[in-house]
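What follows is a short report on a single structure.
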Amino acid sequence: MTLEAVAANLGGVALVALPGLGLVELFAPLRRLPFPSRLGYSYLLGLLTLGGALFAGSHLFGVPLRRPAILAVALVPAVLGLIRRHPRVHSRSSRWQLAAVLCIAAICLGPLTSALTAPLGDWDGRMTWSPLAAYLRAEGTVDASVLQEDHWWIVHPRYPPLLPLAQVAVQETFGAGEDDQYYRALYAAFLPALLLVLYDGSRRAAGTRTAILTTSSVAVLPFLSYGAGGATSAYSDLPLAGFYGAALVLLLLERRRPSAGLAAGCMLAGAILTKNEGALLAIAALILASLRLDRRHSSWFACAAGPALAAFALLTSWRAAIPNRQDEDYFAVLSLPELLHGAFARLPVIVPEILRWTFRWSSWLGFWILFLVILIAGWRALRRPDARLLLLAGLVPAAIGWAAYAVSTRVEGLMGETWDRFLLQGMIPLAITFACALQKILAHRVDFAPPRSTYE
Amino acid sequence: MRSRVIFGLLAVYLAIGVAVGLRNTALRLRSAARSAGLSAGEMRTRILGAEYVTAIERLRSMIPVDEPYLLREMEEPGVILWTRFDLLPRRAILDIEPPPDARSACLRAQVRWLVVATATRQAPLIYERPVTVPSGCPPAPWRRGE
Chain A
69 MTLEAVAANL GGVALVALPG LGLVELFAPL RRLPFPSRLG YSYLLGLLTL GGALFAGSHL
129 FGVPLRRPAI LAVALVPAVL GLIRRHPRVH SRSSRWQLAA VLCIAAICLG PLTSALTAPL
189 GDWDGRMTWS PLAAYLRAEG TVDASVLQED HWWIVHPRYP PLLPLAQVAV QETFGAGEDD
249 QYYRALYAAF LPALLLVLYD GSRRAAGTRT AILTTSSVAV LPFLSYGAGG ATSAYSDLPL
309 AGFYGAALVL LLLERRRPSA GLAAGCMLAG AILTKNEGAL LAIAALILAS LRLDRRHSSW
369 FACAAGPALA AFALLTSWRA AIPNRQDEDY FAVLSLPELL HGAFARLPVI VPEILRWTFR
429 WSSWLGFWIL FLVILIAGWR ALRRPDARLL LLAGLVPAAI GWAAYAVSTR VEGLMGETWD
489 RFLLQGMIPL AITFACALQK ILAHRVDFAP PRSTYE
Chain B
5 MRSRVIFGLL AVYLAIGVAV GLRNTALRLR SAARSAGLSA GEMRTRILGA EYVTAIERLR
65 SMIPVDEPYL LREMEEPGVI LWTRFDLLPR RAILDIEPPP DARSACLRAQ VRWLVVATAT
125 RQAPLIYERP VTVPSGCPPA PWRRGE
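Sequence lines, in order, name chains A and B. Under this note's numbering, think of the first position of the first sequence as 69, with each following residue one higher. Under this note's numbering, think of the first position of the second sequence as 5, with each following residue one higher.
Below is the structure:
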């Protein structure tokens, strides 16, 4: 690890975070948040801005994926944000809160250090995401011929390219050579971003102290730091979990105003452009949000759906020129009778495997046992509509996984590779439900009083 | 009573989790301190082995960035993914017999390099092939300048 590599990696994080910090100023529900919470949403918004603008610019207008375009996309929102700065809310922290924050920061330092020192060693990062980034960078366009000509060997050529584009931006901006992996911190930073969004969601739903306990409980999970799909890898599951969770916080725990809908819509757009499951998760989030819909708030819902539809249209247009190959393509083989038959007939295979992976100590440290105990003990929290919706939302990725296992031709192998990641994708809504139940259990203690509800 | 038990469980979980998390961080920091100042290439040699890294360097110097190669694996499934990753952004054509269609056969005949991925951390092999433009085939895009 050289100083130059560390600086380029941290520069890559700044390249994503700075435009995001500028953009949050445009969204009323985000700009008044304390800085740490704002930073979590900023990182996600910055990724969408950088990757999404390069995607649209390259695909629709032929803008080359080179340094001038990348810097323009990153700097314009950052400068806009400086011009439109708003007054801030400052919150006081107690000593034990500061201690928890230090512990979480120290834990997040582990995967960052690992990412900066060891070469990329994970399966999907080397198989799918980083090769896509390398090809896009080499050709300088998102419509690379290596994707569009079917004789080239590409695994999952139609996977959404948001993360590879962010990777291109970092590598190109800092002039990375063949062996330089300046994008590793970019992925590692999704862990603190996810934790900051989780903290904000839990605080809204269950109060500050419960939120700190919940965030700490999630931060210590080894899978989030070192698992295949965690912060040291170059998988897209951690970013997807962040986008999906942030969208749900803004859709289900925020007042129904158009700016909140638009911010949530941007997060849904990010989910769609990050991973195949993102489109299904976005649909699920919008269906759950529609349960809060009434005539007075139709513009809120339209603002949430708009960016998601635009992202889906962009992705579909890009994919149209790419012949699919080396891909499971579950949608093509999926039929309802087969799905229903497989979902039940394969129960004896699926259930034991799910239990094995869910309760594996080395990945989850018994978190899901604690989750179940707290959810059962604090079940009265589920009387709240927001908690019920969040629990449902958290189970959607698992349901998608179940559907894939029901039709897959190699169910046991696939479960070992993916089940942990489906749990990760639903982590924010599940953990906020955990916070609601925990708050219910501890409510009689004065220092765990419930927060003011934002649910209308 | 119930809340005390839950609080106790949570405290035990967090105590274990924080200890595990901090230990993991300490191990990574120690490892980082040992590798401070090493370049990306030196780190690759340290982790992937000198034999593999030297072979990859050789392949990189032989195959121009804008020229494709045929890729085949020996017994170990998936090892081609690692070799392909280390040769990026060079394009690979999977060497399966027989070629799936006539166009593919045309293109393969014009690829100069065959790379065989052997096993994890073992040197991949490279062979130079005779390049021909079969009758009825147009020259491949990477050969048009020749």
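Glycine included, C-beta positions come from ideal geometry on N, C-alpha and C.
Please name the residue or residues paired with residue i in a DSSP beta bridge.
{"i": "I130/B", "result": "V119/B"}
Rank the options by C-alpha distance to the C-alpha of residue i and give the top, closest one.
{"i": "Y251/A", "options": "S301/A, L377/A, V210/A, T209/A", "result": "S301/A"}
{"i": "L83/A", "options": "P145/A, L98/A, S213/A", "result": "P145/A"}
{"i": "L320/A", "options": "Q394/A, I355/A, T209/A", "result": "I355/A"}
{"i": "G108/A", "options": "G90/A, A296/A, A121/A", "result": "G90/A"}
{"i": "R387/A", "options": "N344/A, V141/A, A376/A", "result": "N344/A"}
{"i": "A357/A", "options": "R323/A, M495/A, A339/A", "result": "R323/A"}
{"i": "L170/A", "options": "A372/A, A287/A, A314/A", "result": "A287/A"}
{"i": "M78/B", "options": "A109/B, F89/B, S139/B, L118/B", "result": "L118/B"}
{"i": "A256/A", "options": "T283/A, V475/A, I175/A", "result": "I175/A"}
{"i": "W368/A", "options": "P97/A, M69/A, N77/A, A76/A", "result": "P97/A"}
{"i": "I60/B", "options": "A121/B, F11/B, A113/B, L42/B", "result": "A121/B"}
{"i": "R76/B", "options": "L14/B, E101/B, A40/B", "result": "E101/B"}
{"i": "A352/A", "options": "L492/A, A467/A, A173/A, P375/A", "result": "A467/A"}
{"i": "V69/B", "options": "I84/B, G82/B, R88/B, A54/B", "result": "R88/B"}
{"i": "V441/A", "options": "G313/A, L143/A, K508/A, F129/A", "result": "K508/A"}
{"i": "W197/A", "options": "A206/A, T209/A, V223/A", "result": "V223/A"}
{"i": "W164/A", "options": "T70/A, S284/A, R393/A", "result": "S284/A"}
{"i": "G269/A", "options": "F435/A, P102/A, A445/A", "result": "P102/A"}
{"i": "A261/A", "options": "A299/A, R489/A, S182/A, W487/A", "result": "A299/A"}
Could you check where the alpha helix (DSSP H) with residue i kicks off and where it finishes?
{"i": "R76/B", "result": "Counting along the chain, R76/B falls outside any alpha helix (DSSP H), though it belongs to the beta strand (DSSP E) covering 73-77."}
{"i": "A274/A", "result": "258-274"}
{"i": "R456/A", "result": "453-475"}
{"i": "Q249/A", "result": "Where Q249/A is concerned, there is no enclosing alpha helix (DSSP H), given that its DSSP letter is neither H nor E."}
{"i": "S108/B", "result": "106-112"}
{"i": "A314/A", "result": "305-320"}
{"i": "C141/B", "result": "Run containing C141/B: none; DSSP gives neither H nor E here."}
{"i": "G338/A", "result": "326-342"}
{"i": "T49/B", "result": "44-52"}
{"i": "W436/A", "result": "435-445"}
{"i": "F380/A", "result": "366-387"}
{"i": "A67/B", "result": "Note that residue 67/B is Ile in the sequence shown, not Ala. That residue, I67/B, is in no alpha helix (DSSP H); it is neither H nor E in DSSP."}
{"i": "T87/B", "result": "83-90"}
{"i": "P102/B", "result": "Careful: P102/B lies outside any alpha helix (DSSP H) and carries neither H nor E."}
{"i": "R2/B", "result": "The question about residue 2/B has no answer, for chain B in this structure spans 5 to 150."}
{"i": "S293/A", "result": "290-294"}
Which class does residue i belong to by DSSP, given the choice of helix, strand or coil?
{"i": "R393/A", "result": "coil"}
{"i": "W429/A", "result": "helix"}
{"i": "Y523/A", "result": "Here the model assigns Y523/A a pLDDT of 46, short of 50, so the residue's position is not dependable and the matter cannot be decided."}
{"i": "K508/A", "result": "helix"}
{"i": "G189/A", "result": "coil"}
{"i": "M69/A", "result": "coil"}
{"i": "C171/A", "result": "helix"}
{"i": "D488/A", "result": "helix"}
{"i": "R360/A", "result": "coil"}
{"i": "F412/A", "result": "helix"}
{"i": "E80/B", "result": "coil"}
{"i": "R277/A", "result": "helix"}
{"i": "P93/B", "result": "coil"}
{"i": "T501/A", "result": "helix"}
{"i": "A353/A", "result": "helix"}
{"i": "G88/A", "result": "helix"}
{"i": "G178/A", "result": "helix"}
Please report the residue range of the beta strand (DSSP E) in which residue i lies.
{"i": "A96/B", "result": "96-98"}
Identify the contact partners of residue i in chain D, using a Cβ-Cβ distance below 8 Å as the criterion.
{"i": "T185/A", "result": "The structure shown contains no chain D; its protein chains are A and B."}
Q | Within the region 99-160 of chain A, ranges of the alpha helix (DSSP H) (whole runs, at least 4 residues) | A | 103-129, 135-151
Q. What residue ranges within the region 191-252 of chain A form continuous alpha helix (DSSP H) runs of no fewer than 4 residues, ordered along the chain?
A. 198-207, 213-216, 230-241
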